[in-house]
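Protein chains in written order, with our numbering: chain X, 392 to 780; chain G, 6 to 548.
For glycine and all other residues, C-beta sits at the position ideal for the given N, C-alpha and C.
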Amino acid sequence: MSAVKGERAVPAPQAGHAATLNRRRLLNTRGWTFLLVLAAVAVGVPWLNATGALPDYAVSLVGKYLCFALLAIALDLLWGYCGILSLGHAAFFALGGYAMGMHLMREIGDRGVYANPDLPDFMVFLNWQELPWFWSGFDMFWFAALMALFVPGLLAFVFGWFAFRSRVTGVYLSIITQAMTYALMLAFFRNEMGFGGNNGLTDFKDVLGFDLASQETRTGLMVLSAIAVAIGFLICRAVVISKAGKVIVGIRDAESRMRFLGYRVEGYKLFVFVLSAMLAGLAGALYTPQVGIINPGEFSPANSIEVVIWVALGGRGTLVGAAIGAVIVAAAKTVLTGLFPEAWLFVLGGMFVFVTIFMPRGVLGVWDAMVDGMWQTRGMDPRERRLAS
Amino acid sequence: MLRVIRSVITCVGLLQMFMLVPAYGQTSGETSVRDEISQLAEADFDGIADVITSLAATGDPTVAPVLHALRAGDIYWRKSDQLVVRAEKIPKRMLRLLDPLTGAVIDEVKKRKVSKVKVNNTLRRTIDTALGNLTLRSPDRIVRLDAAAQLFKNRDPDTLPILDAALAAETDDDVAAAMREARAAILLQDAETSPSDARTAIEMMIERGDSDARNVLAGYAPKNAALSLAAEEGIATIDRSLRLWSYAQNVWQGLSLGSVLLLAAIGLAITFGVMGVINMAHGELVMIGAYTTFVVQEFIRTSAPYLFDMSLFIAAPLAFLTAGLVGICIERGVVRFLYGRPLETLLATWGVSLILQQAVRSIFGPNNREVGNPSFMSGAFELGGLTITWNRLWIILFALAVFVFLLFVMRRTMLGLQMRAVTQNRAMAANMGIRTGWVDAMTFGLGAGIAGLAGVALSQIDNVSPNLGQSYIVDSFMVVVFGGAGNLWGALAGAFTLGIANKFLEPFSGAVLAKVLVLIFIILFIQKRPRGLFALKGRAVEA
Numbered sequence: 392m393s394a395v396k397g398e399r400a401v402p403a404p405q406a407g408h409a410a411t412l413n414r415r416r417l418l419n420t421r422g423w424t425f426l427l428v429l430a431a432v433a434v435g436v437p438w439l440n441a442t443g444a445l446p447d448y449a450v451s452l453v454g455k456y457l458c459f460a461l462l463a464i465a466l467d468l469l470w471g472y473c474g475i476l477s478l479g480h481a482a483f484f485a486l487g488g489y490a491m492g493m494h495l496m497r498e499i500g501d502r503g504v505y506a507n508p509d510l511p512d513f514m515v516f517l518n519w520q521e522l523p524w525f526w527s528g529f530d531m532f533w534f535a536a537l538m539a540l541f542v543p544g545l546l547a548f549v550f551g552w553f554a555f556r557s558r559v560t561g562v563y564l565s566i567i568t569q570a571m572t573y574a575l576m577l578a579f580f581r582n583e584m585g586f587g588g589n590n591g592l593t594d595f596k597d598v599l600g601f602d603l604a605s606q607e608t609r610t611g612l613m614v615l616s617a618i619a620v621a622i623g624f625l626i627c628r629a630v631v632i633s634k635a636g637k638v639i640v641g642i643r644d645a646e647s648r649m650r651f652l653g654y655r656v657e658g659y660k661l662f663v664f665v666l667s668a669m670l671a672g673l674a675g676a677l678y679t680p681q682v683g684i685i686n687p688g689e690f691s692p693a694n695s696i697e698v699v700i701w702v703a704l705g706g707r708g709t710l711v712g713a714a715i716g717a718v719i720v721a722a723a724k725t726v727l728t729g730l731f732p733e734a735w736l737f738v739l740g741g742m743f744v745f746v747t748i749f750m751p752r753g754v755l756g757v758w759d760a761m762v763d764g765m766w767q768t769r770g771m772d773p774r775e776r777r778l779a780s
Numbered sequence: 006m007l008r009v010i011r012s013v014i015t016c017v018g019l020l021q022m023f024m025l026v027p028a029y030g031q032t033s034g035e036t037s038v039r040d041e042i043s044q045l046a047e048a049d050f051d052g053i054a055d056v057i058t059s060l061a062a063t064g065d066p067t068v069a070p071v072l073h074a075l076r077a078g079d080i081y082w083r084k085s086d087q088l089v090v091r092a093e094k095i096p097k098r099m100l101r102l103l104d105p106l107t108g109a110v111i112d113e114v115k116k117r118k119v120s121k122v123k124v125n126n127t128l129r130r131t132i133d134t135a136l137g138n139l140t141l142r143s144p145d146r147i148v149r150l151d152a153a154a155q156l157f158k159n160r161d162p163d164t165l166p167i168l169d170a171a172l173a174a175e176t177d178d179d180v181a182a183a184m185r186e187a188r189a190a191i192l193l194q195d196a197e198t199s200p201s202d203a204r205t206a207i208e209m210m211i212e213r214g215d216s217d218a219r220n221v222l223a224g225y226a227p228k229n230a231a232l233s234l235a236a237e238e239g240i241a242t243i244d245r246s247l248r249l250w251s252y253a254q255n256v257w258q259g260l261s262l263g264s265v266l267l268l269a270a271i272g273l274a275i276t277f278g279v280m281g282v283i284n285m286a287h288g289e290l291v292m293i294g295a296y297t298t299f300v301v302q303e304f305i306r307t308s309a310p311y312l313f314d315m316s317l318f319i320a321a322p323l324a325f326l327t328a329g330l331v332g333i334c335i336e337r338g339v340v341r342f343l344y345g346r347p348l349e350t351l352l353a354t355w356g357v358s359l360i361l362q363q364a365v366r367s368i369f370g371p372n373n374r375e376v377g378n379p380s381f382m383s384g385a386f387e388l389g390g391l392t393i394t395w396n397r398l399w400i401i402l403f404a405l406a407v408f409v410f411l412l413f414v415m416r417r418t419m420l421g422l423q424m425r426a427v428t429q430n431r432a433m434a435a436n437m438g439i440r441t442g443w444v445d446a447m448t449f450g451l452g453a454g455i456a457g458l459a460g461v462a463l464s465q466i467d468n469v470s471p472n473l474g475q476s477y478i479v480d481s482f483m484v485v486v487f488g489g490a491g492n493l494w495g496a497l498a499g500a501f502t503l504g505i506a507n508k509f510l511e512p513f514s515g516a517v518l519a520k521v522l523v524l525i526f527i528i529l530f531i532q533k534r535p536r537g538l539f540a541l542k543g544r545a546v547e548a
């Protein structure tokens, strides 16, 4: 619809800069800084925890934020670079989480309340006689891990293939992605689906033999999440700086023009959509063991929209910004819902309004503008500086 | 329903008591009734059954309330003098003892001073039959109709003579018909009924054609092959008509759901269609309308209770204005800065929706608020095999009225003309001197006001809580996407199609899966027609 016109009204971060057209390095200064911060978190948080400066729960909390950061990076690749606003990205996240949750459920074995070696507790409770076919294979970790990537990827492929082929764009696409996650939420709430109904999957005991309740495992999962964020970031970064990345940005800014130039727009969009969904699935798979539960609430449309505000707040089309936004909002949520539960929705709602109206380029955009302003006062053209970096 | 009937019967019984008792005085009839009642003290189940039978045999309408009280377990006898009384609970574990016939207060005693006359299920059935017999001769035709229906349900062969006698004396055609049906049902209980009687009875059941009649026929097992064939055919006929009625019921419920969807979506169709603005706060504007109704009703309850039946007529314009004003504020305060950036508008209005939700939660509390139905909207009536509730019927009519009102505004008013001009070509409209900003604000206000009206209607059938809007937002978007944005007829067709599709799927798949299937259907549908059923054509699409 008016997506094309819309994007023109607010120049996206790189648009218009000569630097965009140059082939860029995989890691610029910002990228290196980001990776260094991640490394510092992965090393520093466990160390602070060991010295007693950080309480145990904070480690899991950081791990949770890192999962959100990965989810935000995945959405930023899709929205920030390809202009596809998915209001259903939490669905991919939750699917990944469910895949991992199913494995953890199987790992419980006969240590459940009903001590049934084959069936998870909720199935015994619902009088199921045998494991449904779609649960087979999830007793193997590698299979579950594969499914955590494959299932979201497949859903994104099927959904995207239909949507992009018939050129559903802009808000229409956003709305049907929202319908998708809503439909999944309703479906997963049903006991008959075989995914635990509204209680979801919980009471996990261990993963690959490591006790999930022990602090060492939690720390390990947190470090793994940090590594996953780094890998996700590098993958997205590699896509963005590649030639395909230029086409993708082109699609965001002028889709019909790219089509007329002879690019198969659908293919590029589908690639980005599936990659983004798989990264979201990975984030979900890491999230489930750290919070110890996955339930259909994760599919709720509100969750998906919250991911969008992470990206918007951090600054879309920057990858790093998305991660920063995720951590800021998630941390604010933790603090505020604890201190002033009434105020949280006001803050979140206000954030949506404020960011879209006053900070269309997010925190990183404001940062850039400040830095540029500083360089200008020193008499140097910010563009040149950026070229130089 | 049953409770209503019972209370009607009780009321009638009481009325009769007040009217008749002074006339009777201490007649011999009342004395014998009193004698029978006094037998209840210390009686075993068989004894109680005897009392019930002989009470029923008196044919005196004044015993009906006693039997009701006995069935409800309100009859006690005092341990000191074995006086049989009716008792009602009063605070501090005390009982107020009343005369079982006149209802005059006798005493107030501790619970342990009295003993309950206990009844079991067999006795309850006996009481029901006895009441049926008693009430068959009641002067009130409603009571008689009801008694006939009761006999139809129980189908007790023992009641046949009483029924025949009552039928012979009956003057009212409707009651007589009901009694004949009951008689036919009782006859069909017995495999030995003569073939000619059975045949008429079977025809009567087919004529009646509801599931009760079907059960009667299904329970009929004659030795005569021709008769059993007739009964089977009768069942098939009834099944066919029942299926038709169930389709009709589905359509009706679908229309009802569709009207709710239409109300929720039509305002959205305006903002989305005319302005291209995705208003995620639309559901919250609906909620504001519902809360306006609540506030109006609260005000009426405290200061002008006699206006209660008018409350919706007062609430509707107020809800329109309140939601419309909030809408205009949203447009001027937020949306205005984001024109041409639909995705950002979507996010900002989502933020507004969160703020509104929390604001309402902080002001009115997180719990459901009770909004009452005015008298003309409560209750139901039967139309053939359909049960139609008044509130659903009124909401359908209301939705259609709002739709016609909107059509009128769009087609026949200056504002509508300007709105359509702005939709078709914003720049050209501006050049022609239309204040597009003002039109935008008014359009948004109109859409929001309609949402407020939807809230008034929804308050009548749904819980009024801060989450009210959330539960409709995805559905109403589906209606707009399915019907095609910017076309009121699209919203109408979309809402009713989705409503009816939902209700037809529900019996096969359950409510939740039906919703999921409909969502999947829409996702597939929009592949085929990306701009909905009634798409705008021409350049306006790309604007």
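DSSP state of residue i mapped onto helix, strand, coil
i      : result
S633/X : coil
I333/G : helix
K520/G : helix
M3/G   : A query on residue 3/G cannot be resolved here, the shown segment of chain G reaching from 6 to 548 and no further.
M292/G : helix
T394/G : strand
V682/X : helix
V124/G : coil
Y573/X : helix
M285/G : coil
F601/X : strand
T176/G : coil
Y81/G  : strand
Residue i classed as buried or exposed, judged by whether at least 16 other C-beta atoms fall within 10 angstroms
i      : result
N440/X : buried
L234/G : exposed
T610/X : buried
W438/X : exposed
T418/G : exposed
G224/G : exposed
S201/G : exposed
M437/G : exposed
W423/X : exposed
D151/G : buried
I528/G : buried
L652/X : exposed
F408/G : buried
I622/X : exposed
I293/G : buried
Partner residues on chain X for residue i, Cβ-Cβ distance less than 7 Å
i      : result
K520/G : L577
Per-residue contacts from residue i into chain X (C-beta, under 9 Å)
i      : result
G549/G : There is no way to answer for residue 549/G, as the model of chain G reaches only from 6 to 548.
Interface residues of chain G facing residue i [CB-CB closer than 8 Å]
i      : result
I567/X : V486, I527, I528, I531
Neighbouring residues, chain X, relative to residue i (Cβ below 8 Å)
i      : result
A353/G : F743, V744, T747, I748
Residue i: contacting residues in chain G (beta-carbon distance under 9 Å)
i      : result
E733/X : Q363, R366, S367
### Query
Any residues in the region 547-560 of chain X with a beta carbon nearer than 9 Å to a beta carbon of chain G? Which ones, in chain order?
F550, F553, A554, R556, S557, R558, V559, T560
### Entirely enclosed beta strand (DSSP E) segments - the region 480-552 of chain X, minimum 3 residues
none
### Query
If contact means a Cβ-Cβ distance below 8 Å, which residues of the region 338-349 of chain G contact chain X?
V339, F342, L343, G345, R346, P347, L348, E349
### Query
In the region 577-602 of chain X, which residues sit with their C-beta less than 9 Å from some C-beta in chain G, listed in chain order?
L577, A578, F580, R581, E583
### Message
Please list, in chain order, the residues of the region 190-221 of chain G that have any C-beta partner in chain X closer than 9 Å.
### Response
none
### Task
Let me know the alpha helix (DSSP H) ranges lying completely inside the region 196-238 of chain G, each 4 residues or longer, listed in chain order.
200-213, 216-224
### Query
What are the residues of the region 254-286 of chain G that lie near chain X, defined by any Cβ-Cβ distance shorter than 7 Å?
G281, I283
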